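In what follows, a structure is listed as structure tokens, so that the remarks can point back to it.
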Amino acid sequence: MIQKKICLLGAFAVGKTSLVARFVKSIYSDQYITTVGVKVDKKVVKVDDREINLIVWDLAGEDEFQKVQMSYLSGASGYLLVADGTRLNTLEIARMLRERVNENAGKLPFILIINKADLEPEWEIDDQAIAECEAQGWTVIKASAKIGEGVENAFTALAKKISTASGSERDS
Amino acid sequence: MALLIAIFDPQSSILDPRLRNTDMSDSPLRIVPNQPARPNQPVRPDQPEDAASNEAAQKQAELAELRRLLVEPEQVQINNILERLNNPRIRARETSRTLTEAVRLRNAHDDSLTEALAPTVVTAFHSSVKKDPRPVAEAISPLMGPAIRHSISVALRSMIQKFDQALQHSFTWRGVKWRFQAWRTGRPFAEVVLLNTLVYRVEQVFLIHKQSGLRLDHVAAASVATQDADIVSGMLTAIQEAIRNFARDSFGPAQDEHIDTLDMGDREVWFESGPQAVIAAVIRGKASETLRSDFLAPAIEAIHNEQRETLASFDGDTAPFELSRPHLEDCLQSQFEGGADPAKFKVPLYIWLLIAALLAAIAAWAFFAWRESRRWDDYLNKLRATPGIVITEEGKRDGRRFVAGLRDPLAADPQMILKDQTQLDPAKVASHWEPYQALHPEFVEARAKSLLEPPPGVALKFGGGVLSAAGVAPHQWIVDARKFARAIPSVTAFDDRDLIDEDLKEPESLRRQIEQHSVRFVVGTTQIAPGQNEDLNTLIAQVQKLIALAPAAGRVVKIEIIGHTDTEGDGSANQRLSEERASRILAMLAARGVGKELLSARGVASTQPARPETSDADKEINRRVSLKVSLLDARQPKESSR
């Protein structure tokens, strides 16, 4: 089976971990993220009838005291950027994280997940902001950790992007 | 290309003379020299026919020449190309030149060739085996033998090892402690022993892609519980990265940031790094450095050699690394206390001794069982041969042998046979005998003896349904024997012809004595000749005694007194005289107290002489009275046989 490393990035407390918790196979507790800065999980997705083993590195959230360690992105094939719909600055942090990834690991396929879709009326991130992102060619998926919506989609979409990217690499 | 074909083709419309007036200003033919001179000449219909045909033939020839000059080198080339395209032999030769390279290229690109060929290869393999399995068998036999041997020896070794260790530790204080530990933790005892005697054991080996932390391969020792190797590989890499970050932040950048060992009490993780991949060995206990130098380092080197290109172009496909798995398996080393390395384990001497003792015990048990069974059969045969014993059931019950059947109370005692004639332990034999009467002659005889109790001097014999008695017996016994003999089962007759009545002996003797007496008479008279008084007294005493004894023998005495004369004289006178002489003696006996009812008298004249008369002396003897005594059965008036 093909294995791919992906990372889960986002601002502090955007709910990354709880977002994927129900969808991945996990053998370590969430404590690892605070102690080590990362926790590794596994997720099997199907792309074009082919199973791909996504090894998910859930990285500690970025805030004013702690920066995401970019060395963890080494060897990653793609990443999920997570923002919190109710906090506008988390989208800013996501943008900044993307910049940093581009600087450190090069351009990688990614998906932007905006969490807390169940609270959409209270969102600070409005449709215009989302449209701006999409205008830049980003894939944006609204999801909810609470009702489990959109997460499976996000994984599959990322896996598709990754296999398309590596496929085009091959053909070139 | 269209142009070339057109030039080649003689029928091509481009060069047809009839079409020469066609506007060809855009035609590539314009590059052809000599051609522009002709295009605008019209065909004149009024020209004679032969002149026209001559001109046409000439033009044809010119054209052919033109074509030759123009395109001969290309034509040769095209002919060659056509030849190559159409001749399958050439095509095959050419394909063969590029086939290997093509396969290599295709395989580097993706797996589709392998997938496409797989069914063909499988079918070819099947049909080859079907046609003649020998070549395939010969090809794989060098692999099969060692593989089977290896797997059997590994299984055997691990079994004996576990057995030995369990045995070794079962009866010691340490063993008891471990048993308690096994019970407490719910782990098998063998495993607890293994862990406690372990110096070190490589439990798991990961082959990890250095950059991404993806698991390339993973092996684990037998009976080691493992977590998802994909996740663990990632986490191992993440933790190394975390430590490196920490070290960098705390102590500044280092030249070599390799982490060799993670040490956690009784477990260690050793890393052996190559350019693209790293081996992580999870070790329980303390391994010596030789593990790294002799196994881990050579393994990562060998894997890099074998998988150089796969590693360089690694894009998540881990399947090719399975080929290098034996290198990882080599790293699953272990060492036990006292050098009991399972790989070098030998069966210790005491195990062999134990097995030998076990075999000896089994042999001894088998011998004793066989001997006891022989003795038992022997006992049964003895019982079967004993008259009056019938075995109806025998066998073994609750570890004791038992025998049951019928036994004539007169038969030999089976318990005595058991005690005296066999070596069986009577306590281990249960018997149950139902009484019955056997009809063997010896049993009838024995039963007759016990029933009739014959006096000494009487022999009882049984044969053909007849019980015979011989010898001397009291009269009463004889009477009883006659009565009871018939009551004995299977006795149909009692033969007492050889039996002498003891109580009849004296009467018989008296009878004979009495009958020997002869009372002589004076010639022609009933006067008793003189000189016979003493003899007469004896006779009378004998008669009286006989009469007295007879009742004890169950007899009644009858005495017939017979008178005789000599041959002298008249017959009828002699008759009368003889009767008178008999009456004289009768009267005499009666006078001496002999009951008249016992006596009878008759005369027979000279018809029964005692001796032939040749002299007077003979006559004197014949003039007499003789007595005939009968001892009659007291109950039957009939005379007894004697």
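One line per chain: the protein sequences are A and B, in this order.
So for the first sequence, our numbering puts the first residue at 153; every next one is plus one.
So for the second sequence, our numbering puts the first residue at 4; every next one is plus one.
Quick reminder that beta carbons are idealized off the backbone N, C-alpha and C, glycines included.
Keep in mind it's a predicted model, so treat the numbers as computed, not measured.
- Message: I need the straight-line Cα distance from E448(B) to S521(B), nearest angstrom please.
- Response: Cα atoms of E448(B) and S521(B): separation of roughly 48 Å, rounded to the nearest angstrom.
- Query: Do A246(A) and G189(A) come within 8 Å of each other at the CB atom, strictly closer than that value?
  - Reply: Between G189(A) and A246(A), the gap from beta carbon to beta carbon reaches 8 Å or more.
- Message: Going by beta-carbon coordinates alone, are L211(A) and V253(A) separated by less than 8 Å?
- Response: no
- Task: Out of R378(B), F446(B), A451(B), H478(B), point me to the one whose CA is closest to P429(B)'s CA.
- Result: R378(B)
- Note down, in chain order, every chain A residue with its Cβ under 7 Å from the Cβ of G189(B). Residues of chain A passing the Cβ test: none, with the nearest at roughly 22 Å.
- Any beta-carbon of chain A closer than 8 Å to the one on M238(B)? Chain A, which has a Cβ nearer than 8 Å to the Cβ of M238(B), makes this yes.
- CB contact check: H212(B) to chain A, cutoff 8 Å: yes
- Could you list which residues in chain A have their beta carbon closer than 8 Å to that of D233(B), in chain order? Q155, K194, N205, I207
- Whose Cβ in chain A lies nearer than 9 Å to the Cβ of L217(B)? Those are Q155, K156, K157, N205, I207, G227, listed as they occur along chain A.
- Helix, strand or coil: how does DSSP classify P261(A) here? coil
- Let me know if T395(B) comes out buried or exposed under the rule of 16 or more other beta-carbons within 10 Å of its beta-carbon. exposed
- Using Cβ-Cβ distances below 8 Å, what residues of the stretch 160 to 178 of chain A are close to chain B? K177, S178
- Task: Report the option in A245(B), G255(B), K399(B) whose CA atom is closest to the CA atom of T186(A).
- Result: A245(B)
- Sort V285(B), L217(B), D233(B) by Cα distance to Q279(B) and report the nearest one. L217(B)
- Query: What residues in the stretch 121 to 139 of chain B have a beta carbon less than 7 Å from any beta carbon of chain A?
  - Reply: none
- Under 8 Å by beta carbon: chain B residues contacting Y224(A): Identification of chain B residues near Y224(A) by a Cβ-Cβ cut-off of 8 Å yields A241, E244, ordered along the chain.
- Query: Leaving out the 5 sequence neighbours to the left and right, which residues in its chain are closer than 8 Å to P191(B) when beta-carbon positions are compared?
  - Reply: A185
- How about the stretch 598 to 617 of chain B and the stretch 551 to 571 of chain B: do they share at least three Cβ pairs that are nearer than 8 Å? yes
- Query: In whole angstroms, what is the alpha-carbon distance linking K590(B) and V628(B)?
  - Reply: Reading off the sequence, residue 590(B) comes out as Ala, not Lys. Near 13 Å, if we compare the C-alpha coordinates of V628(B) and A590(B).
- Query: Taking 8 Å as the CB-CB limit, is T321(B) close to chain A?
  - Reply: yes
- At least one CB of chain A closer than 8 Å to the CB of Q230(B): is that the case? So yes, Q230(B) belongs to the interface.
- At least one CB of chain A closer than 8 Å to the CB of N110(B): is that the case? Interface annotation, N110(B): not in contact with chain A, CB-CB separation never under 8 Å.
- At a cut of 8 Å, does the stretch 232 to 240 of chain A reach the stretch 259 to 268 of chain A through at least three beta carbon pairs? The stretch 232 to 240 of chain A is in contact with the stretch 259 to 268 of chain A.
- Compare the C-beta of Q221(A) with all C-beta atoms of chain B and state if any pair is closer than 8 Å. For Q221(A), the answer is yes, since a Cβ of chain B falls inside 8 Å of its Cβ.
- Item | Contact list for G189(A) against chain B, beta-carbon separation under 9 Å | Residues of chain B passing the Cβ test: A241, E244, A245, N248.
- Alpha carbon to alpha carbon, how far is E118(B) from S316(B)? Give it in angstroms, no decimals. 21 Å
- Message: Against Y180(A), what residues of chain B qualify as contacts under a CB-to-CB distance less than 7 Å, listed in chain order?
- Response: M238
- Range of the contiguous alpha helix (DSSP H) that encloses Y382(B): 352 to 388
- Query: Hey, A472(B) and L463(B) are a contact pair by Cβ (cut 8 Å); roughly how many whole angstroms apart?
  - Reply: Rounded, the Cβ-Cβ distance is 6 Å, consistent with contact.
- Query: From S229(A) to R152(B), what does the alpha carbon distance come to, in whole angstroms?
  - Reply: 45 Å
- Can at least three beta-carbon pairs, one atom from the stretch 453 to 461 of chain B and one from the stretch 423 to 443 of chain B, be found at a separation below 8 Å? no
- Message: Give me the DSSP bridge partner(s) of A496(B).
- Response: V469(B)
- Query: Counting along the chain, where does the alpha helix (DSSP H) carrying Q184(B) start and finish?
  - Reply: Following the DSSP letters along the chain, one finds Q184(B) inside the alpha helix (DSSP H) bounded by residues 176 to 188.
- Query: Start and end of the beta strand (DSSP E) containing T264(B)?
  - Reply: 264 to 267
- Query: Among D619(B), A620(B), I624(B), which one has its Cα closest to the Cα of A613(B)?
  - Reply: I624(B)
- Message: Measuring straight from C-alpha to C-alpha, what distance separates K561(B) and L542(B)?
- Response: 15 Å
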